[in-house]
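Per my numbering, the very first residue in the sequence shown carries number 73; after that it's consecutive.
All C-beta atoms in this analysis are idealised placements derived from N, C-alpha and C, irrespective of residue type, glycine included.
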Amino acid sequence: MAMVGLFWIAEGDVYVGAKPSGLAPGVRLTPEGVLALGDKQSGLLLWEDVRSLTVDDVPFKTLKRHVGAAVDMVLTMSLGGTDDAPMMTVRVGGAGGSRALTAYTAAAIGYSQREYDLSRALLTRLTDGAATLHTTLAAMSEFGRRHEGGTPRASEREALLTEWLGL
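As structure tokens, then:
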């Protein structure tokens with residue numbers, strides 16, 4: 073499993089945000105479409121109907137977030153937990169309008185502006201057409217299948233996003 077930008081890649085599966093477990097909400101990108109997961113959202117939005125993919129409510133890295141993560145860790149260890157992880161809104165636009173899906177963020181202390189910008193460009197690339205979509209998702213999935221050892225360092229994540237964008 074690895075976080076790369078706004079994506080969580082587990083084996084061959086690609087998620088926007090964290091991979092959900094149980095009834096938690098999540099968004100998985102499949103070769104067929106955008107799959108909404110969780111108790112309050114479900115369904116498959118086919119790529120042929122998807123015109124845009126955007127993400128709102130993305131937390132960015134800040135000093136306050138670093139300190140907050142440390143405090144949360146202490147509270148979790150001593151008191152049994154604090155609030156859930158932050159949520160993001162994944163908007164899937166189509167001819168019939170936009171559908172808002174929810175996913176947990178995968179970055180405990182937020183995302184860098186650079187990773188966010190590259191991820192946003194990659195989401196746009198996925199809506200450029202079938203050939204681009206399948207090539208890009210295949211590269212992301214292949215990385216997940218061959219990658220071991222957790223999330224790469226920031227510079228490696230940015231390099232992967234740039235590679236998948238074809239830049």
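Looking at the structure shown, is residue i part of a helix, part of a strand, or coil, going by DSSP?
i    : result
G84  : coil
R225 : coil
D144 : Note that D144 scores a pLDDT of 46, beneath 50, so its modelled location is shaky and nothing firm can be said.
S93  : coil
G216 : helix
Hey, would you say residue i sits closer than 8 angstroms to residue j, going by beta carbons?
i    : j    : result
Y176 : G89  : yes
L205 : L233 : no
A178 : M75  : yes
G216 : G84  : yes
S184 : A226 : yes
Check for me: the beta strand (DSSP E) holding residue i runs from which residue to which?
i    : result
T126 : V122 to D128
S184 : Per DSSP, S184 belongs to no beta strand (DSSP E) and is neither H nor E.
Expressed to the nearest angstrom, what Euclidean distance is found between the alpha-carbon atoms of residue i and residue j?
i    : j    : result
G115 : V162 : 14 angstroms
A141 : I181 : Confidence is the limiting factor: at A141 the pLDDT is only 44, short of 50, which leaves the residue's position unreliable, though a coordinate-based value still follows. C-alpha separation (whole angstroms): 6 angstroms.
V99  : K91  : 8 angstroms
M160 : S93  : 16 angstroms
Open item on the list: Check whether the segment 214 to 224 and the segment 153 to 173 touch, using three or more Cβ-Cβ pairs below 8 angstroms as the test.
Closed with: no
- [ ] Examine the Cβ distances between the segment 190 to 200 and the segment 122 to 134 and report whether three or more of them are shorter than 8 angstroms.
- [x] yes
Open item on the list: Between the segment 163 to 181 and the segment 105 to 113, can you find at least three pairs of beta-carbon atoms closer than 8 angstroms?
Closed with: yes
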